[in-house]
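*Asks:* Once you know that position 42 of the sequence shown is 116 in my numbering, the rest is easy, because the numbers rise by one and skip nothing.
Note that beta-carbon positions come from the ideal geometry of N, C-alpha and C, so glycine has one too.
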Amino acid sequence: MSPEDEATAHLLVTAAFHDAAARADEQGDPSIGDFSRAVLRQFEEHQHLEGALYAVVMRYAQEHASPEDVAALRRWMGEVTGS
75 MSPEDEATAH LLVTAAFHDA AARADEQGDP SIGDFSRAVL RQFEEHQHLE
125 GALYAVVMRY AQEHASPEDV AALRRWMGEV TGS
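(1) Determine the extent of the alpha helix (DSSP H) in which H138 is found, giving its start and end residues.
(2) Report the rounded CA-to-CA distance for D93 versus I106, giving the unit in angstroms.
(3) Taking one C-beta from the region 127 to 142 and one from the region 89 to 104 each time, how about it: are there three or more such pairs within less than 8 Å?
(4) Rounded to a whole number of angstroms, what is the C-alpha to C-alpha distance between H138 and E118?
(5) Where does E153 fall in DSSP's three states?
(6) Should T82 be labelled buried (16 or more other beta-carbon atoms within 10 Å of its own) or exposed?
(7) Taking just the CA atoms, how far does V113 sit from E153?
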């Protein structure tokens, strides 16, 4: 995994949960907004996600990112999850 892959992955994680929080706030769902912000805080502190949250980020990336960025995210996920 290159430093560029890691940087791209971190940007996609941040974007995914920032967008989720903003969307939840717009829809008046504070519990989802609070959860998304908590995930971001934990990620910033520990630099990893838990379980199914990786799938959330991948889904976001597939909808919003370039194929190259999705590939970088896959490499990063493989490295940090050992799969």
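*Replies:* So, from the listed chains and residues:
(1) Counting along the chain, the alpha helix (DSSP H) containing H138 begins and ends at L127 to H138.
(2) C-alpha separation (whole angstroms): 11 Å.
(3) The region 127 to 142, when compared against the region 89 to 104, does touch it at the 8 Å Cβ threshold.
(4) E118 has its alpha-carbon roughly 21 Å from the corresponding atom of H138.
(5) Per DSSP, reduced to three states, the secondary structure at E153 is helical.
(6) T82 sits buried, since 16 or more C-beta atoms from the chains shown fall within 10 Å of its C-beta.
(7) Whole-angstrom Cα-Cα distance: 20 Å.
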